[in-house]
Amino acid sequence: MLAKDFIVQKSEFDLNKSGKVSAKSLSNIALVKYWGKTDPQIPTNPSISYTLTNSYTETTLSFEPKKANESEIRVFLDEVEKTDFVPKIKKFFQRIAEYAPYLEDYDFTLHTHNSFPHSSGIASSASGMSALSKCLIQMEVELGYKAKNQLQRSSFLSRLGSGSACRSVYPGLVTWGESEYIEGSSDLFAIPLEKDIHPVFKAFNDTILLIHEGTKSVSSTVGHQLMNNHPYAQLRFNEAKQNIKKLLEILKSGDLEAFGKLVEHEALSLHAMMMLSDPAFILMKPNTVSALDKLWEFRKETGLPLFFTLDAGANIHLLYPDEGKEKIEAFIQSNLLPLCQNEGIIYDRANFEVL
Ligand code: DP6
7 MLAKDFIVQK SEFDLNKSGK VSAKSLSNIA LVKYWGKTDP QIPTNPSISY TLTNSYTETT
67 LSFEPKKANE SEIRVFLDEV EKTDFVPKIK KFFQRIAEYA PYLEDYDFTL HTHNSFPHSS
127 GIASSASGMS ALSKCLIQME VELGYKAKNQ LQRSSFLSRL GSGSACRSVY PGLVTWGESE
187 YIEGSSDLFA IPLEKDIHPV FKAFNDTILL IHEGTKSVSS TVGHQLMNNH PYAQLRFNEA
247 KQNIKKLLEI LKSGDLEAFG KLVEHEALSL HAMMMLSDPA FILMKPNTVS ALDKLWEFRK
307 ETGLPLFFTL DAGANIHLLY PDEGKEKIEA FIQSNLLPLC QNEGIIYDRA NFEVL
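In the working numbering, each number is its position in the sequence shown, counted from 1, plus 6.
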């Protein structure tokens, strides 16, 4: 599929209709990270993520033919109007104008809710942008247009809202970005990774330590930009491409130790890139480092398969299979929970069956 295959014509839609649609979309966490992109939202390397089970955004989109010359967009988060969310949505609608030409003829009201606190530091752009894209696919149906492959179209549109959002369209393990090692992979949309997955990875725990609440000092969008002219960029992109190959082998073999080693290396590489950017920035907090120290110590002592990954922030995603779960969760409660702000923790899971 090429980008032009997603272009539709206004004549394919009944533009007199009004309506209201709703969609829910789950957050995801990358195992091999997307960090660096070119226009329009093309990743500089492929990524693989886990879609979560409990952390989601739910959005209701009401649409009616526009009343004034310019279309109006209003956004409410948990019934509170958020005018500061509007520019991001407008930018998204502009980016997808070619693929969703009906947007300019409508006024919109969005009501959105996150299962996690907005200030928790959990990236809501992945679940938020994919929930909105799913709403648009439903709106298209209401206007008389049915895409041949709705999930693919929804992933394509989501990507133009936020790169990581395109992976949230599918449950379980998902890949985005062209890779010579994955048939059917594309820079334009994500695809599910279903084949050759060892049973141990088909349901995995992801417990999120909310180390620091509040907005990040540097946004992901700026972080991506800083990968342009970054002295280590090419090295990073090449390594990530090879890590896709390695992770696929690990996912097939069920080698947990190799899984942990690779996933932690990816997380630390992401943060190393931030530290080596110009200007440099650090999103980890002292308690992030303390928690990682304790985790490594625990793993050395017990040999239990507890691993971590990080997103672009201070919070930690703890990854572990069901085996050994009781001991691991007792350790989390006693040693890691005190490092979280307001004892914030989310017990989530990644699996293939939800959505
Ligand atoms: C560190 O998808 O938030 O979470 O495309 O600019 O919206 P934009 O960036 P975003 O970047 C996420 C980066 C990451 C790694 C990942 O999810 O792969």
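Note that CB positions come from ideal geometry on N, CA and C, so glycine has one too.
Here L312 really is in contact with L301; their C-beta atoms are around 6 Å apart, less than 8 Å.
Annotation for L215: the continuous beta strand (DSSP E) segment containing it runs A209 to L215.
Inclusion of I250 and I35 in the CB contact set at 8 Å is not warranted, their separation being larger than that value.
A straight-line Cα-Cα distance of about 6 Å links S160 and S139.
Here the alpha carbons of E87 and L67 stand approximately 14 Å from one another. Relative to the ligand DP6, W41 has its C-beta within less than 7 Å of a heavy atom. The C-alpha of G190 is placed about 43 Å away from the C-alpha of N341. Nearest Cα to M233 within the set F162, F287, A106 and F99: F287. For S130, the shortest C-beta to heavy atom distance toward the ligand DP6 is 7 Å or greater.
Checking the DSSP bridge columns, you'll see E70 partnered with D113.
In this structure, A356 places its C-beta atom within 8 Å of the C-beta atom of G178.
In the three-state reduction of the DSSP assignment, S130 falls in the coil class.
CA-CA distance, A320 to S225, rounds to 13 Å. Shortest Cα-Cα distance from V92 to any of K333, K23 and I79 involves I79.
DSSP places A153 in the coil class of the three-state scheme, outside both helix and strand. By the Cβ rule, the region 105-116 counts as touching the region 12-30, because three or more pairs are nearer than 8 Å. Residue range V92 to R101 is occupied by the alpha helix (DSSP H) that includes P93.
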